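Scroll down for the structure; my scribbles are underneath it.
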């Protein structure tokens, strides 16, 4: 095992009705005012926002509420929220929604006590040294953002979809109440399942050294995702399946699968970020297209890992058979497999490759990937 | 899944030479003085203690060093150390050793800012509300104490082996350097492996509700223990195996296997604490004796869980076949299977049962266990 530091101070409050304690969680941090950040007005109509507001009121935490966060969240909205934080002197951010809302909240938390432009943290021009505390009430399980230090935001003009990272941005408390996720559509359930797979498989296949324990842990997480996705497609009200799905999503990106690993990278994320930045494809849908294409392109670089995947996940022998089974699974849950199915024309490949190379350079992957190799991968997703 | 709170703020610093940074870790906490707590003088002879002292000196952290912690650590030694903390106004405890040293350190940390007797926390008379920070440099992997809130100490006179728990006692930073564990004897490696099994199997078998994910995670941890124990018995210098063994030990009792579970208890620990309290048996050796006996006694209460264990862990069908394979494994690694092999006479069973019932009452298990049932279990460990 390689040297590592593991530190994850996020407290998870999991279960029914835990969102009604959010006021107490914020109060415990010492913050007496907060921004409630959310996406669509559906959470107001469902009564969730009212319960959050009531809980904050009960604890004497004053607040402003700001909706409008969109999927693949935009820098301009983050900047607007930071303006509100500064103007109203708000001391915490409470994200109510999925990964996009929480990622935005992290960027807002980083930007509130910073004089420059928050994009400086994404572009590498500045490092996060101060942040207001972030709290989360999750309505969608996919990104793992509820228990990690990462946030991803897209620049409105350059369409760069970049990330920030700081343990100061780990949510202080994240509420995971599976009941709040029961109304997620089947499409988004499938996209979420693929997103969890991508968090695991980028690591599983790319790592030059992967301890056996990590490989087995990843397979355990992925089997949980497959089992609970199938259960939820049949019965969206299956509380235990919803709960295990959510927890698998948290476990896939809270750092535990990464300990002791060497040489891993975020290969499919690097390619997919271009797709959702340029075509506003849902992240998980983009990953469903990229993952099998990338696996086909990549398989000969780690043959033993692909053979293992085939046997452990699908009980079949050989890399190709494993990839084929994986493609069938993606189709079976209703996620797209081709660029066309995700609404991306073949003519868009060049621009996608240019955008992805920007991220490859940011993430130090421009040694492993050229523009041509990204074109090759995307061409494998044409049919 | 049942409601849960997961919060584990311990930072793990894993890898070669990380103990040389301990001064920096203590300094970061704001403490400028510390007690270095250890067991035998071997760690002074090996040079480890000197490196810890040098690291503290380098950061200007003043310290006292106190050795003499024994296996199944004693209250009197904890009380003596608390006296030293108070007299010298020390502000942190650095445990250098295995679970016994760290458990003692947690009790010392809890007692330093408390006016009464530290045993009050164990007996349930008082709750930990203040503690100095604890740091750990592990030389043995077994108890999981390096990443949890628990500490176990034995009362010198009553021979009660009781536990304290508070998230304030989670080590701030725990150093896991597999190289420091390379000289662990084969006996203690085997005892440690069984201790990890017991942490997992008490939960696995006793829980009235165990999510499928948790069951699979536990099996992943236990397979790691079996694989790495075999590798280390062959080659004690196998760094990667030593590292995965240590990490499996941490993962087995850092809370992650317990999330969402209902109705679990520490059945074999309840019985074994009596054995190590009355006969000073190494904890893992006592567990090796109790585990199969308890499983035989308990198997019909959770038949489906025992059948699963047999198939998943050993590829055999039926509870009895699984238990038999498990017994063979215990023998194969050199751990004892009978009371006699652990140096306990059959005539001691009555006193063991009396002592265990004290813990059963403390842990609220006196509904599930009578004195007679503990006698029955121990009698299954006679041959």
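Protein chains in written order, with the numbering used here: chain A, 287 to 669; chain S, 287 to 669. Glycine included, C-beta positions come from ideal geometry on N, C-alpha and C. All of these numbers come straight from a predicted model, not from anything done at the bench.
In the DSSP assignment, find the unbroken alpha helix (DSSP H) run with residue i in it and report its ends.
i, result
"residue 311 of chain S", "308 to 314"
"residue 427 of chain S", "From DSSP, residue 427 of chain S is part of no alpha helix (DSSP H); its letter is neither H nor E."
"residue 368 of chain S", "361 to 374"
"residue 495 of chain S", "Unbroken run through residue 495 of chain S: none, as it is neither H nor E."
"residue 356 of chain S", "From DSSP, residue 356 of chain S is part of no alpha helix (DSSP H); its letter is neither H nor E."
"residue 531 of chain S", "525 to 538"
"residue 656 of chain S", "Where residue 656 of chain S is concerned, there is no enclosing alpha helix (DSSP H), given that its DSSP letter is neither H nor E."
"residue 636 of chain A", "635 to 648"
"residue 581 of chain S", "569 to 584"
"residue 668 of chain S", "No alpha helix (DSSP H) holds residue 668 of chain S; DSSP gives it neither H nor E."
I'd like to check one pair, residue j with residue i: are the Cβ atoms closer than 8 Å?
i, j, result
"residue 427 of chain S", "residue 457 of chain S", "no"
"residue 551 of chain A", "residue 654 of chain A", "yes"
"residue 672 of chain A", "residue 533 of chain S", "Residue 672 of chain A is absent from the structure shown; chain A starts at 287 and stops at 669."
"residue 360 of chain A", "residue 442 of chain A", "yes"
"residue 616 of chain A", "residue 623 of chain A", "yes"
"residue 332 of chain S", "residue 388 of chain S", "no"
"residue 577 of chain A", "residue 438 of chain A", "no"
"residue 560 of chain A", "residue 638 of chain A", "yes"
"residue 396 of chain S", "residue 460 of chain S", "no"
"residue 440 of chain A", "residue 563 of chain A", "yes"
"residue 372 of chain A", "residue 317 of chain A", "no"
"residue 599 of chain S", "residue 491 of chain S", "no"
"residue 294 of chain S", "residue 540 of chain S", "yes"
"residue 434 of chain S", "residue 418 of chain S", "no"
Using a Cβ-Cβ distance under 8 Å, would residue i count as near chain A?
i, result
"residue 590 of chain S", "no"
"residue 502 of chain S", "yes"
"residue 295 of chain S", "yes"
"residue 290 of chain S", "yes"
"residue 568 of chain S", "no"
"residue 673 of chain S", "Shown here, chain S extends from 287 to 669; a query on residue 673 of chain S therefore has no answer."
"residue 451 of chain S", "no"
"residue 371 of chain S", "no"
"residue 287 of chain S", "yes"
In chain A, which residues lie with their C-beta within 7 Å of the C-beta of residue i?
i, result
"residue 424 of chain S", "Going along chain A, no residue has its Cβ under 7 Å from residue 424 of chain S, so there is no contact; the nearest lies around 14 Å."
Who are the neighbours of residue i on chain S, taking C-beta pairs under 9 Å?
i, result
"residue 546 of chain A", "300, 301, 526, 529, 530 and 533"
Would you mind reading off the limits of the beta strand (DSSP E) that contains residue i?
i, result
"residue 447 of chain A", "447 to 451"
"residue 351 of chain S", "348 to 352"
"residue 321 of chain A", "319 to 324"
"residue 383 of chain A", "379 to 383"
"residue 461 of chain S", "459 to 462"
"residue 299 of chain A", "297 to 300"
"residue 602 of chain S", "No beta strand (DSSP E) contains residue 602 of chain S, which DSSP labels as neither H nor E."
"residue 437 of chain S", "436 to 440"
"residue 408 of chain S", "It is not in any beta strand (DSSP E) - residue 408 of chain S instead sits in the alpha helix (DSSP H) that spans 405 to 409."
"residue 291 of chain A", "290 to 292"
When you compare the CB of residue i with every CB in chain S, is at least one pair closer than 8 Å?
i, result
"residue 513 of chain A", "yes"
"residue 643 of chain A", "no"
"residue 599 of chain A", "no"
"residue 454 of chain A", "no"
Could you work out which residues of chain S lie near residue i, taking near to mean beta carbons separated by less than 8 Å?
i, result
"residue 498 of chain A", "510, 513 and 530"
Which residues in chain S sit within 7 Å of residue i, going by Cβ to Cβ distance?
i, result
"residue 467 of chain A", "Chain S residues near residue 467 of chain A: none, gap ~12 Å exceeds 7 Å."
Looking at C-beta atoms only, is the number of pairs between the stretch 440 to 450 of chain A and the stretch 330 to 343 of chain A that lie closer than 8 Å three or more?
Here the stretch 440 to 450 of chain A does not lie against the stretch 330 to 343 of chain A, with fewer than 3 beta-carbon pairs under 8 Å apart.
Would you check if the stretch 493 to 502 of chain A and the stretch 539 to 550 of chain A touch, i.e. whether three or more CB-CB distances between them fall below 8 Å?
Enough Cβ pairs lie closer than 8 Å, so yes.
Could you tell me whether the stretch 345 to 358 of chain S touches the stretch 323 to 335 of chain S, using the rule of 3 or more Cβ pairs below 8 Å?
A contact exists between the stretch 345 to 358 of chain S and the stretch 323 to 335 of chain S.
Pairs of beta-carbons, one from the stretch 477 to 486 of chain S and one from the stretch 501 to 518 of chain S, closer than 8 Å: are there three or more?
The way I'd put it, the stretch 477 to 486 of chain S does touch the stretch 501 to 518 of chain S; three or more beta-carbon pairs between them come closer than 8 Å.
Does the pairing of the stretch 403 to 414 of chain A with the stretch 308 to 320 of chain A give three or more beta-carbon distances under 8 Å?
Cβ pair count under 8 Å is below three, so no.
Between the stretch 289 to 303 of chain S and the stretch 627 to 635 of chain A, do three or more beta carbon pairs fall short of 8 Å?
The stretch 289 to 303 of chain S makes no contact with the stretch 627 to 635 of chain A: fewer than 3 CB pairs, one atom from each, lie closer than 8 Å.
Counting Cβ pairs closer than 8 Å, one from the stretch 520 to 527 of chain A and one from the stretch 556 to 567 of chain A, do we hit at least three?
No contact exists between the stretch 520 to 527 of chain A and the stretch 556 to 567 of chain A.
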